[in-house]
Amino acid sequence: MKYIALLLVFLLLASLAGIGYLYVSSTFSVSQVTCEALEASAQPQFFASTKLQLEEHALVGTVFSDTVPGDAADYQFITYTVRLMNSTAVNADMVEVQITPMAGDICQIGSTRAMALQGRSEGDISVTMLTGIAMHPVRELTVTYYLWGIPFTLKTAYGR
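Position in the sequence shown (from 1) plus 79 gives the number in the working numbering.
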């Protein structure tokens, strides 16, 4: 009986050490952020569609300003692509990126597709924003993800 108790204590300590190792060695990180700006006048149909959705309060995404004064020549679309590395053994569910807006930003165009990142993998997630033509692309980005239903956030910046 004494040997069984010692074996069970040893197994408990070994499993606690394994869980501790997994906890210490697991990270979810941003490895790279890239940005691409495109004038809205180069995509007139997409701009018109976005403007109409804003006017009808039907935009899927985050609205920073209710009105879009002017025409396509006054605006640009900025697309940020964030490379994420999931070195945990757990899948990251419901991964999303939120842009911290500045004065002059109109909206962040959302997606109806939920993104997940498998354990021990990396992947890209993109987010597009409509902003004034004279605005710079320096923004803070907040990445939100869920591991086992628990929410986590990472903050990163482009251009700083």
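We put the beta carbon where it would ideally sit given N, CA and C, even for glycine.
CA-CA distance, residue i and residue j?
i, j, result
"A195", "M173", "6 angstroms"
"L133", "G211", "15 angstroms"
"M214", "C186", "13 angstroms"
"L101", "R199", "12 angstroms"
"A127", "D145", "15 angstroms"
"T207", "M164", "21 angstroms"
"A93", "V139", "49 angstroms"
"T167", "A152", "45 angstroms"
"V142", "L209", "10 angstroms"
"I98", "A137", "46 angstroms"
"P123", "L95", "59 angstroms"
"Y154", "W227", "40 angstroms"
"E135", "V103", "49 angstroms"
"A171", "D203", "13 angstroms"
"S205", "T129", "17 angstroms"
"M80", "L91", "17 angstroms"
"F125", "A119", "8 angstroms"
Can you tell me which residues form a DSSP beta bridge with residue i?
i, result
"A171", "L196, L226"
"T191", "Beta-bridge pairing links T191 to no other residue."
"S205", "T160"
"F231", "Y224"
"G211", "Y154"
"R218", "Y237"
"V176", "V222"
Let me see if you follow: with CB-CB separation under 8 angstroms, is residue i close to chain D or not?
i, result
"A195", "In the structure shown, chain D does not exist; there is a single protein chain."
Relative to the alpha-carbon of residue i, which residue among the options has its alpha-carbon at the smallest distance?
i, options, result
"E175", "Q155, G189, A84", "G189"
"F231", "F143, Q197, S108", "S108"
"Y159", "T179, A171, V147", "T179"
"Q177", "T235, P148, L117, A121", "T235"
"Y237", "A182, A193, V161", "V161"
"Y225", "M80, A193, R239, M181", "A193"
"V169", "I229, L87, I83, L85", "I229"
"A182", "A171, P216, A121", "P216"
"Q201", "L87, I83, T106, Y82", "Here residue 201 is Glu; the residue named in the question, Gln, does not match the sequence. Of L87, I83, T106, Y82, the residue nearest in Cα terms is T106."
"L117", "L85, L90, A84, I157", "I157"
>> Ignoring anything shorter than 3 residues, give me the beta strand (DSSP E) runs that lie fully in the stretch 101 to 165, in order along the chain.
In response: Those beta strand (DSSP E) runs which fall completely within the stretch 101 to 165 and span 3+ residues are 107 to 118, 140 to 142, 154 to 165.
> Does the stretch 217 to 226 come close enough to the stretch 104 to 124 to have 3 or more Cβ pairs within less than 8 angstroms?
Replying inline: Enough Cβ pairs lie closer than 8 angstroms, so yes.
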